[in-house]
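Participant: As numbered in our numbering, residues 226 to 808 make up the sequence shown, in order.
Where a beta carbon is used, it is the ideal one built from N, C-alpha and C, also for glycine.
All of these numbers come straight from a predicted model, not from anything done at the bench.
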Amino acid sequence: MKTLLRTLTLCTVLVSGPALADTVADEARQMALMGAPDLALGLLDRQPPDSAADPERWVRRERARIEILQADGRWERVVQRAESLPDGLPLAFTAWVRDEQLSAYQQLAQGAKMRQLLRAMLWTAPEAADPETFRRWRRLVIESYLVEDRLEDARAALVHYRRDYGDEAPDVAKLQARVQLMLNASGAIPDVLVGMDDHEARALVLLARLRSGVMEPAQVAQAVERETARGGLAPQDQARYGYVAAEAARQRQDRAAYAHFIERALVYQRYLQHDHVFRLDGERLWGAYLALGHALGNEAQLLVGQDEIWMAAAEGALIDDDPRTARGYLAVLAIEGQTGAVREEAHRRLTRLVLAQDQGPEILYWLYLRSERFQDADRLPLPVRHVLADHLLARGEVAQASQIMAGISDVPEGEDPFEWRLRRARLLILGGHDEQGVDALHEIVSEARSFDKAQAERLKEVLFDLQTLRRHQATINLFVALEPRLTDEQQAREFLFWQADSYRALGEYEQAARLYLRSATLHSPQGNDPWGQAARLQAAEALATAGLLDDARRLYEGLIRITRDPAQRAVLQNKLQQLMLKN
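#1: Does the beta-carbon of Gln405 have 16 or more other beta-carbons within 10 angstroms, so that it is buried, or is it exposed?
#2: Mind checking whether Tyr386 and Ile414 have CB atoms under 8 Å apart?
#3: So, with DSSP's three-state summary, where would you put Ala613?
#4: Might you give, ordered along the chain, the residues of its own chain that have their beta carbon closer than 8 Å to the beta carbon of Glu714, omitting 5 neighbours on each side?
#5: Residues bridged to Leu711 by DSSP?
#6: Skipping 5 residues on each side, what residues in its chain have a beta carbon closer than 7 Å to that of Gln798?
#7: Check whether the Cβ atoms of Leu314 and Pro280 sit closer than 8 Å, and answer yes or no.
#8: How would you write the range of the alpha helix (DSSP H) that Met536 sits in, first residue to last?
#9: What residue from Phe676, Arg710, Ile654 has the CA that sits closest to Leu688's CA?
#10: With a CB to CB cut of under 6 Å and the five nearest residues on each side skipped, what residues in its chain are close to Glu488?
#11: What residue range is occupied by the uninterrupted alpha helix (DSSP H) comprising Phe486?
#12: Going by beta-carbon coordinates alone, are His424 and Arg451 separated by less than 8 Å?
#13: Please classify Trp348 as buried or exposed, where buried requires at least 16 neighbouring CB atoms within 10 angstroms.
#14: Check for me: the alpha helix (DSSP H) holding Pro442 runs from which residue to which?
#15: With a cut-off of 8 Å, do at least 3 Cβ pairs link the stretch 510-524 to the stretch 540-553?
#16: Check this for me: beta carbons of Leu707 and Val670, under 8 Å apart or not?
#17: Determine the DSSP secondary structure at Ser671, reduced to helix, strand or coil.
#18: Determine the direct distance from the alpha carbon of Arg778 to that of Met805, and round the result to whole angstroms.
#19: How would you label Val238, buried or exposed, when you count the other beta carbons within 10 angstroms and need 16 or more for buried?
#20: Suppose the cutoff is 7 Å on Cβ atoms and the five residues either side in sequence are ignored; what does the same chain contact list for Leu235 look like?
#21: Could you give the DSSP three-state label for Arg503: helix, strand or coil?
#22: With a 10 Å radius around its C-beta and 16 neighbouring C-beta atoms as the bar for buried, classify Asp396 as buried or exposed.
#23: Ends of the alpha helix (DSSP H) at Val417?
#24: Taking the alpha-carbon positions, what's the Leu262 to Gln498 distance?
#25: Could you give the first and the last residue of the continuous alpha helix (DSSP H) run that contains Glu733?
#26: What do you reckon, are the CB atoms on Leu316 and Arg290 nearer than 8 Å?
#27: Give the range of the alpha helix (DSSP H) segment to which Met421 is assigned.
#28: Would you mind working out which of Ala795, Leu408, Arg363 sits nearest Glu377, comparing C-alpha positions?
#29: Go ahead and pull the three-state DSSP assignment for Leu797.
#30: Label Arg598 either buried or exposed according to how many other C-beta atoms from any shown protein chain fall within 10 Å of its C-beta, with 16 as the threshold for buried.
#31: So the candidates are Ala265, Gln600, Ser276; which of them puts its Cα closest to the Cα of Ala296?
#32: Curious, which full-length alpha helix (DSSP H) runs of at least 4 residues does the stretch 289-324 contain?
#33: In the structure shown, what three-state DSSP assignment does Thr813 receive?
#34: May I ask you to report which of helix, strand or coil DSSP gives Asp355?
#35: Is Pro608 closer than 8 Å to Pro573 when the C-beta atoms are compared?
#36: Count the other CB atoms within 10 Å of the CB of Val726; is the residue buried (16 or more) or exposed (fewer)?
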């Protein structure tokens, strides 16, 4: 019953369109989209189809699993699944998996493994691959060297690629430009790029002309402004132009503009994926902030260690409506402040200023989670953690959000304590920190005298998550602790029913039957209402499994006497007949 209820609930939010052939794969994808990839993967793990007996269903579910792992950035798991494929799968699916395996290696910067796989694909499947696929594999060989910064090897591979495909092809010209730019040989950019009508080529040309001195930084900045003013740019092009604008600002020593354009580029950085020429990270933004702050401090003749004066300077900049200047001062205090209290306050204020910008949460994500300074969650400043956890959850990065939340327990200012603590508990459970999540739930329950109906419903959702993850004993303990704190009579019956489900999953069928019967008769002595009948049916089935056949028979007979629906009576009579055959 509970599984049916949850499935029906999910079905109400599914997008319209033709149904997928496998409802389990469909439901798992929807769970992942809603921010619960671990729950989705757990669903796919239960009762997996046999790849030999039902290869089509196995392929559909495996494809869903790999897509979920990719979306959550679990590249190591993608590789594990790809490396353990069974034999006899459709060739089209195997080819798709190999492509995703290559993407995972590229994300992990494992160039040698990329080449090892590509070598096998290039030598064993050239006839099976269409010309464009074969050509893409050849390009990936070059990319495999770029991810390892083996630039001379990349250039050598590019020479062979150009020999086979010619210099005039767009992909050849772009590859050559990227390799040359990474080698700091920007003067040798192919002329063919200049005439291309796409933004990637224009960004490459502008960056090359800037670095070679063919164009002045101000001219490059104006060119970028013209391109971006047209509108309709793809996110990856926004990132590229932001990078070029930042480089131009750096060359003309406009530190405030340099920091600003890095912020703009980082907003779209995740869309670049493997483009190493325009690659940025949070460490570059910290460097821009600190350079700006130190320059401002020198101009104002501020001394290192005078934290109060630096903080006052940041406040003054805000009064003057100059948040860029304020971010520079605060960055210096956040990293170089003399006391922990000063650094924490600076991080808090810097966080507010970053969030005040368009796409502020994304900038904050790169500033703190894609920087060498804060690689470990334990090193993240407390004022930043709450905001980052919510943003990670919105991005679907549940595991990392859970890791961040594991280190904090104080409720943020302005948040509802019950809702925030429950959200934290659920995040810990879904993100793999289930022991801490269970402890957090016990704290919530033990500190409350009672829960209203809405609060109990919210708690029930988290307990369902625990059941899905097969943490049945922990679920039972929480149901027991919740029981005396419920204020709604029907909810009390429901919680007994779900508790019985966990006992049943543990193989404790007699205890499950006892709780099903309590659920049936609580506030309904005869248990003849629809809920009571459903609970009595579950009790009968649990008793039959436990071997208490006479008790099960009497329950079935009692249900048959009170059931008026002919179809339901027929079902019950069939169950009774099957039971009698066991005697």
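Facilitator: Quick look at the numbers:
#1: When all chains shown are included, Gln405 counts as buried.
#2: No. Outside cutoff.
#3: First, the residue type needs correcting, since residue 613 is Leu and not Ala in the sequence shown. Helix at Leu613.
#4: Correct list, in chain order: Leu747, His748.
#5: DSSP output for Leu711 lists Phe676 as bridge partner(s).
#6: Listed in chain order, the non-local C-beta contacts of Gln798 below 7 Å within the same chain comprise Ile785, local neighbours out to five positions each way being set aside.
#7: The Cβ-Cβ distance between Leu314 and Pro280 falls below 8 Å.
#8: Here the alpha helix (DSSP H) through Met536 covers 532-544.
#9: The residue from Phe676, Arg710, Ile654 with its alpha-carbon nearest to that of Leu688 is Ile654.
#10: If we look at Glu488 and ignore the five residues flanking it on each side, its Cβ neighbours are Ile588.
#11: Segment 480-492, the alpha helix (DSSP H) holding Phe486.
#12: No, these two residues do not count as a Cβ contact at 8 Å.
#13: Trp348 comes out exposed.
#14: 442-454 is the extent of the alpha helix (DSSP H) around Pro442.
#15: Here the stretch 510-524 makes contact with the stretch 540-553; the two share three or more CB pairs at distances below 8 Å.
#16: Yes.
#17: Ser671 falls in the helix class under three-state DSSP.
#18: Each residue's Cα considered, the two are about 8 Å apart.
#19: At Val238 the pLDDT is 28, less than 50, meaning the model places this residue with poor confidence and gives no usable figure here.
#20: Because Leu235 sits at a pLDDT of 29, beneath the cut-off of 50, its placement in the model cannot be relied upon, and the point is left open.
#21: For the sequence presented, residue 503 should be read as Phe rather than Arg. Coil at Phe503, not helix or strand.
#22: Exposed, since its Cβ has fewer than 16 Cβ neighbours within 10 Å.
#23: Counting along the chain, Val417 falls outside any alpha helix (DSSP H), and DSSP gives it neither H nor E.
#24: What sits at residue 262 in the sequence shown is Pro, not Leu. Inter-residue distance for Pro262 and Gln498 is about 21 Å (C-alpha atoms, whole angstroms).
#25: For Glu733, no alpha helix (DSSP H) encloses it, and the DSSP letter there is neither H nor E.
#26: Not in contact: Leu316 and Arg290 (Cβ atoms no closer than 8 Å).
#27: Judged by DSSP secondary structure, Met421 falls outside any alpha helix (DSSP H); it is assigned neither H nor E.
#28: Closest by alpha carbon: Leu408.
#29: Note: Leu797 maps to helix in three-state DSSP.
#30: Looking at its Cβ environment, which holds fewer than 16 other Cβ atoms inside 10 Å, Arg598 is exposed.
#31: Looking at the Cα atoms, Ala265 is the closest of the given residues.
#32: Counting only runs of 4 or more, we get 300-308.
#33: The question about residue 813 has no answer, for the chain in this structure spans 226 to 808.
#34: Asp355 falls in the coil class under three-state DSSP.
#35: In the sequence as displayed, the identity of residue 573 is Arg instead of Pro. Yes, these two residues count as a Cβ contact at 8 Å.
#36: Sequence check: residue 726 is Asp here, not Val. Residue burial is scored here from C-beta neighbours: Asp726 has at least 16 other C-beta atoms within 10 angstroms and is therefore classed as buried.
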